[in-house]
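**Q** Residue numbers for the sequence shown follow my numbering, so the first one is 15 and each next one is one higher.
Cβ atoms here follow ideal geometry from the backbone N, Cα and C, with glycine treated the same way.
Only a predicted model underlies this, so the values are computations on that prediction, with no experimental measurement involved.
Pasting in a structure now, in structure tokens, and then I'll have a few things to ask.
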Amino acid sequence: MVSESKIVLNPNGRACLDVKARNSGGRSDALVAVSSMVLAVVVERGLREQEEKDEEMNKVMRFVERRRRKNRFFEE
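In structure tokens:
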């Protein structure tokens with residue numbers, strides 16, 4: 015029986031599994047490990063997608079700022 019299972023972020027930002035399990039057989043440990051690995055992959059993929067979106071937004075904001083500076087220069 016699994017007493018506690020959670021996903022945590024380690025210092026380098028990757029998702030990792032933190033499991034405290036008490037079990038008489040190996041089956042539920044294996045099930046917890048597989049389901050937790052799948053969850054860790056989903057969490058990590060979500061973080062990666064968010065980083066990509068943030069990078070795209072930063073590119074757009076830099077472009078807008080350059081355009082604004084350029085327009086201000088020509089107005090003066």
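Just the C-alpha distance for glutamate 79 and serine 50, rounded to the nearest angstrom, thanks.
**A** Locating residue 79 in the sequence shown gives position 65, where the first residue counts as 1. Locating residue 50 in the sequence shown gives position 36, where the first residue counts as 1. If I take the Cα positions, the gap works out to 43 Å.
**Q** In angstroms, rounded to a whole number, what distance separates the CA positions of methionine 71 and glutamate 58?
**A** Counting from one through the sequence shown, the residue named residue 71 turns up at place 57. Counting from one through the sequence shown, the residue named residue 58 turns up at place 44. Rounded to whole angstroms, methionine 71 to glutamate 58 spans 20 Å at the Cα level.
**Q** Would you report the Cα separation of leucine 61 and arginine 81, rounded to the nearest angstrom?
**A** Position 47 of the sequence shown holds residue 61. Position 67 of the sequence shown holds residue 81. Straight-line Cα distance between these residues: approximately 30 Å.
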